[in-house]
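FYI, in the numbering used here the residues of the sequence shown are 10 to 119. Quick reminder that beta carbons are idealized off the backbone N, C-alpha and C, glycines included. Values in this document were obtained by computation on a predicted structure and should not be read as measured data. Structure first, then comments.
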Amino acid sequence: MKRKTCEECGGKVIEKKVPFSLYGQELGMFPAEVCNGCGEEVFEENTSEEIDHIAKEKGLWGLEAQTKITKIGASYAVIINKKIAEFAGLEHGMPVHVHPESKGKIVIEA
Ligand SMILES: [Zn+2]
Numbered sequence: 010m011k012r013k014t015c016e017e018c019g020g021k022v023i024e025k026k027v028p029f030s031l032y033g034q035e036l037g038m039f040p041a042e043v044c045n046g047c048g049e050e051v052f053e054e055n056t057s058e059e060i061d062h063i064a065k066e067k068g069l070w071g072l073e074a075q076t077k078i079t080k081i082g083a084s085y086a087v088i089i090n091k092k093i094a095e096f097a098g099l100e101h102g103m104p105v106h107v108h109p110e111s112k113g114k115i116v117i118e119a
């Protein structure tokens, strides 16, 4: 399954080790096929499995959730599940700073 050209842009594909991080946590360097045109990185299946395994060991699995915007008076609230809150170090009653990062994206900082 060695690719020589990128399906996305037709650029040249080279094999090299690339850093992989999840939620700001560095998981390590992994071999990938990288396009020198668009930068697309493709991992082989066994490499993807290794990355998943490391992510699970570091407790980075299942840190995404679907939730809904709730209305409280004139304001809105978002339910953050316990696992995400614990990972992010958020606690009940803790003061946090909220600001939009872009349209459709909000950042909550402890
Ligand atoms: Zn490309």
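message = My output table needs one value for E100: the three-state DSSP class, helix, strand or coil.
response = coil
message = Less than 6 Å between C-beta atoms, sequence neighbours within five positions excluded: which residues of the same chain meet that for F96?
response = L72
inquiry  = Mapping the DSSP letters down to three states, classify A41 as helix, strand or coil.
reply    = Residue state, collapsed to three classes: strand.
request  = Using the beta-carbon of each residue, find all residues closer than 6 Å to any heavy atom of ligand 1 and list them in chain order.
outcome  = C15, E17, C18, G20, C44, G46, C47 and E49
key: Bounding residues of the beta strand (DSSP E) (the contiguous stretch that carries I63)   = It is not in any beta strand (DSSP E) - I63 instead sits in the alpha helix (DSSP H) that spans E54 to E66.
task = Could you have a look at I93 and say whether DSSP puts it in helix, strand or coil?
result = helix
ask   = Which of helix, strand or coil does DSSP assign to Q34?
value = Strand.
key: Cβ-based neighbour list, Y85, same chain, cut-off 8 Å, excluding 5 preceding and 5 following   = Result list for Y85: I78 and T79, in chain order.
request  = Rounded to whole angstroms, what's the CA-CA distance from I81 to V87? Just pull it up for me.
outcome  = 10 Å
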